[in-house]
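**Q** After the structure tokens below, expect a handful of questions from me.
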Amino acid sequence: MRSRGRSLPRAEWRVRAASLPPCLVIAAIFEISSTRARIRALLSRNAGDFGEIADWMTLIAGIAQCTIMVFSLLYYVHTVEGQPRAFPLRGKKPIMLPEVLFMQFDLTDEQRAIQETARRFTSEAITPHAAMWDEKCFFPRATVRAAAELGFGAICVSADQGGSGLGRLEAALIMEAMAHGCPSTSAFISIHNMAGWMIDRFGSASLKAKYLPSLVACEKLASYCLTEPGSGSDAAALKTRAVKEGSSYVVTGSKAFISGGGENEIYLVMVRTGQDGAKGISCLVIEKGMEGVSFGAQERKLGWHSQPTAQVNFANVRVPVENLLGAEGQGFSIAMQALDGGRINIAACSLGGAQRCLDEAVAYTRARHQFGQAIAGFQATQFTLADMETGLQAGRALLYLAADKVAVGAPDATRFSAMAKRFVTDTSMHAADRALQLHGGYGYLRDFPVERIYRDLRVHSILEGTNEIMRMIIAREMLRQ
Ligand SMILES: Cc1cc2nc3c(=O)[nH]c(=O)nc-3n(C[C@H](O)[C@H](O)[C@H](O)COP(=O)(O)OP(=O)(O)OC[C@H]3O[C@@H](n4cnc5c(N)ncnc54)[C@H](O)[C@@H]3O)c2cc1C
53 MRSRGRSLPR
63 AEWRVRAASL
73 PPCLVIAAIF
83 EISSTRARIR
93 ALLSRNAGDF
103 GEIADWMTLI
113 AGIAQCTIMV
123 FSLLYYVHTV
133 EGQPRAFPLR
143 GKKPIMLPEV
153 LFMQFDLTDE
163 QRAIQETARR
173 FTSEAITPHA
183 AMWDEKCFFP
193 RATVRAAAEL
203 GFGAICVSAD
213 QGGSGLGRLE
223 AALIMEAMAH
233 GCPSTSAFIS
243 IHNMAGWMID
253 RFGSASLKAK
263 YLPSLVACEK
273 LASYCLTEPG
283 SGSDAAALKT
293 RAVKEGSSYV
303 VTGSKAFISG
313 GGENEIYLVM
323 VRTGQDGAKG
333 ISCLVIEKGM
343 EGVSFGAQER
353 KLGWHSQPTA
363 QVNFANVRVP
373 VENLLGAEGQ
383 GFSIAMQALD
393 GGRINIAACS
403 LGGAQRCLDE
413 AVAYTRARHQ
423 FGQAIAGFQA
433 TQFTLADMET
443 GLQAGRALLY
453 LAADKVAVGA
463 PDATRFSAMA
473 KRFVTDTSMH
483 AADRALQLHG
493 GYGYLRDFPV
503 ERIYRDLRVH
513 SILEGTNEIM
523 RMIIAREMLR
533 Q
């Protein structure tokens, strides 16, 4: 599927300009030159003679026509093979044309190549080790570094900051592929990507220069800190406070359930700098080594064993004011925009894990014999497999569409991201459950990957907003229209 919203390379602009229909170009040249002649004629009159009102009206109409012509030409050039694209305006949100949003139901060659690279990396560097990581609660830092060498540590970070400069769909393809081996490790990399994107998108030049190079390379790893012991779903009620004192913010409070907590070096922390509610929240970049930062014990979890989770505490931590991301009061908006992309990635992690469960179930039911035949021969088994496949394909289609919408900043991107997260994580969890059932008692044993993936996927309907909160977002957006 083609991904829109990224600016075009200069060479492609030239090729497209050359493909403009001659009649359109001639009409534009004619309109511009006749308007120019009218302006000249009016200006050459005697001073004080402003001409007939009709002359001026004709001139204004001419200028309007010229403007429309120029925009038509630009829009045409920015259209690929007749498919509409986002209109790029440097530094601003792309202007979308919702009535002509278009989806192409296939991946481009470039996207397939990215997917293939991620699959190869997964089969070589993730799949063979995932069971051990889970068993020993081992965090595979070296593997995360290796992923960064392929550009997977900063997928949506712009190329001029050293990132891969790819879109949300490409990110989803990578996460899905890596989750086939280990949903937990893939999700960890997804959260690190989210933090890097936040700095790239909202950080000052100095903040980017300070943090992005090491984050892109995964030499340092970053966490996203929104949840607190007293505020989960009601995230805007957070209480961690940052008070400005001279050239620093003094931060006090605690963040709960932080992925990478204790291990990661960088923490993007949503803090209260102003009034109650969302508008009083800002985002600070806090380093592990700053005085007053401490961590709770590692949480003992059902799944996600390959990544650490811990409470992060701040006791009068002095954070330089330059470490403010965006403006004061913008933190909640930044956190929510990041989650639009984060939810796509979490859904992709569910999808990849569920696809692995389906693949395992197909292989197992072919090999396992009962009542004198392979259990894949029973119609009940076939119906289960068919339903799993249908659910995952439906989820994939919704996920890729949602990724595309987030990439171009479509007006309904948040709703689609929430729908994809809700549907794909639930459908994938169901598929993992069915795969485990098809394995019988063996599915309950650690010897088979479905047991691990079943545990890993469970948390995806809870974090980055529970699936109940996803329903609230979807309904709120629907009823607003
Ligand atoms: C392994 C793990 C890793 C995590 N990593 C991070 C991280 O890196 N960074 C971070 O900031 N957070 C992280 N989280 C926190 C996660 O985002 C929260 O757990 C989640 O948002 C839910 O908050 P809560 O646990 O406080 O549940 P609560 O908000 O207390 O919700 C409890 C139940 O009530 C329901 N509920 C709440 N409000 C409503 C409502 N209005 N209508 C209907 N139902 C409602 C919820 O859906 C849920 O079922 C992580 C959590 C886990 C388990």
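If you read the sequence shown in the numbering used here, its first letter stands for residue 53, the second for the next number, and so on.
Think of the CB as a built atom: it goes at the ideal place given N, C-alpha and C, for glycine as much as any other residue.
Computed from a predicted structure; not experimentally measured.
#1: What are the partner residues of residue 268, as DSSP defines its beta bridges?
#2: Would you check whether ligand 1 has a heavy atom nearer than 8 Å to the C-beta of residue 435?
#3: Report all residues from its chain with a CB closer than 6 Å to the CB of residue 340; omit the five preceding and five following residues, and keep chain order.
#4: Is it buried or exposed, residue 182, if we count other Cβ atoms within 10 angstroms and call 16 or more buried?
#5: My guess is that residue 361 and residue 310 are in contact by the Cβ rule of under 8 Å, so how many angstroms apart are they, rounded?
#6: Does the Cβ-Cβ distance between residue 305 and residue 280 come in under 9 Å?
#7: By DSSP's criteria, residue 347 is part of a beta bridge. Which residues make up the other side?
#8: I think residue 20 touches residue 196, with their Cβ atoms under 8 Å apart; what is that distance to the nearest whole Å?
#9: Does the separation of the CB atoms of residue 412 and residue 500 fall below 9 Å?
#10: Tell me which residues share the same chain as residue 518 and place their Cβ nearer than 7 Å to its Cβ, disregarding the 5 neighbours each side in the sequence.
#11: Indicate the three-state DSSP secondary structure (helix, strand or coil) for residue 176 in the structure shown.
#12: Can the beta-carbon of residue 246 be found less than 9 Å from the beta-carbon of residue 390?
#13: Buried or exposed for residue 458, please, with buried defined as at least 16 other CB atoms from any protein chain shown within 10 angstroms of its CB.
#14: So the candidates are 383, 409 and 112; which of them puts its Cα closest to the Cα of residue 287?
#15: Quick test of your reading: residue 320 and residue 277, contact by CB under 8 Å. State the CB separation rounded to the nearest angstrom.
#16: According to DSSP, simplified to helix, strand and coil, what is residue 380?
#17: Closest to residue 392 by C-alpha separation, out of 350, 300 and 468, would be which residue?
#18: Quick check: is any heavy atom of ligand 1 less than 8 Å from the C-beta of residue 388?
#19: Roughly how many whole angstroms lie between the Cα atoms of residue 474 and residue 494?
#20: How big is the Cα-Cα spacing for residue 138 and residue 334?
#21: Helix, strand or coil, according to DSSP, for residue 83 in the structure here?
#22: Please confirm whether residue 365 and residue 336 have their CB atoms less than 9 Å apart.
#23: For residue 520, count neighbouring C-beta atoms within 10 Å of its own C-beta (all shown protein chains included) and say buried if the count is 16 or more, exposed if not.
#24: On the criterion of 16 or more Cβ atoms from any shown chain inside 10 Å, does residue 188 qualify as buried, or is it exposed?
#25: Following the continuous beta strand (DSSP E) through residue 201, name the residue where it begins and the one where it ends.
#26: Is residue 542 near ligand 1, going by C-beta to nearest heavy atom under 8 Å?
#27: With DSSP run on the structure shown, which of helix, strand or coil describes residue 406?
#28: Going straight from the alpha carbon of residue 370 to that of residue 433, what length do you get?
#29: For ligand 1, I want to know if residue 520 counts as a neighbour, meaning its beta carbon is within less than 8 Å of at least one of the ligand's heavy atoms.
#30: In three-state DSSP terms, what is residue 214?
#31: Mind reading off the beta-carbon distance from residue 214 to residue 206? Whole number of angstroms is fine, and I expect it under 8 Å.
#32: Between which two residues does the alpha helix (DSSP H) containing residue 239 stretch?
#33: May I ask you to report which of helix, strand or coil DSSP gives residue 124?
#34: Which value, in whole angstroms, describes the spacing of the CA atoms of residue 231 and residue 455?
#35: Does the beta-carbon of residue 278, which I'm using as the reference point, lie nearer than 8 Å to any heavy atom of ligand 1?
#36: Count the other C-beta atoms from every protein chain shown that fall within 10 angstroms of the C-beta of residue 108, then say buried if there are 16 or more, exposed otherwise.
**A** Considering the structure as presented:
#1: In the sequence shown, counting from the first residue as 1, residue 268 sits at position 216. According to DSSP, residue 268 bridges with nothing at all.
#2: Position 383 of the sequence shown, counted from the start, is the residue given in the question as residue 435. Closer than 8 Å to some heavy atom of ligand 1: that does not describe the Cβ of residue 435.
#3: Your numbering for residue 340 matches position 288 in the sequence shown. Annotation for residue 340: 317 place their beta carbon closer than 6 Å to its own, counting only its chain and skipping 5 residues before and after.
#4: Numbered from its first residue, the sequence shown carries residue 182 at position 130. By the 16-neighbour rule on beta-carbons within 10 angstroms, residue 182 is buried.
#5: By 1-based counting over the sequence shown, the position of residue 361 is 309. By 1-based counting over the sequence shown, the position of residue 310 is 258. Yes, they are in contact, since the Cβ atoms of residue 361 and residue 310 sit about 7 Å apart, within 8 Å.
#6: Along the sequence shown, read from residue 1 onward, the residue named residue 305 stands at position 253. Along the sequence shown, read from residue 1 onward, the residue named residue 280 stands at position 228. Yes, they are a contact pair.
#7: By one-based count along the sequence shown, residue 347 stands at place 295. 364.
#8: One cannot answer for residue 20 here, as it falls past the ends of the chain, which runs 53 to 533.
#9: Position 360 of the sequence shown, counting from 1, holds the residue named residue 412. Position 448 of the sequence shown, counting from 1, holds the residue named residue 500. Their beta carbons are under 9 Å apart, which means residue 412 touches residue 500 by this criterion.
#10: As a first step, residue 518 is located in the sequence shown; it is residue number 466 there, counting from the start. For residue 518, where only same-chain residues beyond five positions count, the Cβ hits under 7 Å are 285.
#11: Residue numbering aside, residue 176 sits at position 124 when the sequence shown is read from its first letter. Helix, per DSSP.
#12: Taking the sequence shown and counting its residues from 1, one reaches residue 246 at position 194. Taking the sequence shown and counting its residues from 1, one reaches residue 390 at position 338. Contact: yes.
#13: Translated into positions along the sequence shown, residue 458 becomes position 406. That one is buried.
#14: Along the sequence shown, one-based indexing puts residue 287 at 235. The residue with the shortest Cα to Cα distance from residue 287 is 383.
#15: Reading the sequence shown from its first residue, position 268 is the one you call residue 320. Reading the sequence shown from its first residue, position 225 is the one you call residue 277. Confirmed, Cβ separation roughly 6 Å.
#16: To locate residue 380, count along the sequence shown from 1; it is residue 328. The three-state secondary structure of residue 380, taken from DSSP, is coil.
#17: The residue given as residue 392 occupies position 340 in the sequence shown. For the set 350, 300 and 468, the Cα lying nearest the Cα of residue 392 is the one of 468.
#18: Looking up residue 388 in the sequence shown gives position 336. Checking the Cβ of residue 388 against ligand 1 gives no.
#19: Walking along the sequence shown from the start, residue 474 turns up at place 422. Walking along the sequence shown from the start, residue 494 turns up at place 442. The alpha-carbon atoms of residue 474 and residue 494 are separated by roughly 29 Å.
#20: The count along the sequence shown starts at 1 and reaches residue 138 at position 86. The count along the sequence shown starts at 1 and reaches residue 334 at position 282. Any reading at residue 138 needs caution, since the residue's pLDDT is 43, under 50, leaving its predicted position unreliable; the model's value is listed next. One alpha carbon belongs to residue 138, the other to residue 334, and they sit about 30 Å apart.
#21: Taking the sequence shown and counting its residues from 1, one reaches residue 83 at position 31. DSSP places residue 83 in the helix class (H, G or I) of the three-state scheme.
#22: One-based indexing of the sequence shown puts residue 365 at position 313. One-based indexing of the sequence shown puts residue 336 at position 284. Contact: no.
#23: As a first step, residue 520 is located in the sequence shown; it is residue number 468 there, counting from the start. Exposed is the call here.
#24: Here the question's residue 188 lines up with position 136 in the sequence shown. Label assigned to residue 188: exposed.
#25: As a position in the sequence shown, residue 201 is number 149, starting the count at 1. From DSSP, residue 201 is part of no beta strand (DSSP E) but of the alpha helix (DSSP H) over 193-201.
#26: The structure shown does not extend to residue 542, since the chain spans only 53 to 533, so no value can be given for it.
#27: Your numbering for residue 406 matches position 354 in the sequence shown. Of the three classes helix, strand and coil, the one that applies to residue 406 here is helix, per DSSP.
#28: The count along the sequence shown starts at 1 and reaches residue 370 at position 318. The count along the sequence shown starts at 1 and reaches residue 433 at position 381. Straight-line measurement puts the Cα of residue 433 at about 60 Å from the Cα of residue 370.
#29: One-based indexing of the sequence shown puts residue 520 at position 468. In this structure, ligand 1 has a non-hydrogen atom nearer than 8 Å to the beta-carbon of residue 520.
#30: To locate residue 214, count along the sequence shown from 1; it is residue 162. The answer is coil: DSSP assigns residue 214 none of H, G, I, E or B.
#31: Start at 1 with the first residue of the sequence shown, and residue 214 comes out as number 162. Start at 1 with the first residue of the sequence shown, and residue 206 comes out as number 154. Taking the Cβ atoms as the reference, residue 214 lies roughly 7 Å from residue 206, within the contact range of under 8 Å.
#32: Reading the sequence shown from its first residue, position 187 is the one you call residue 239. Per DSSP, the unbroken alpha helix (DSSP H) holding residue 239 starts and ends at 235-254.
#33: Position 72 of the sequence shown, counted from the start, is the residue given in the question as residue 124. Three-state DSSP puts residue 124 in a helix.
#34: By one-based count along the sequence shown, residue 231 stands at place 179. By one-based count along the sequence shown, residue 455 stands at place 403. The alpha-carbon atoms of residue 231 and residue 455 are separated by roughly 17 Å.
#35: Walking along the sequence shown from the start, residue 278 turns up at place 226. Short note on residue 278: C-beta closer than 8 Å to some heavy atom of ligand 1.
#36: Translated into positions along the sequence shown, residue 108 becomes position 56. Flag for residue 108 reads exposed.
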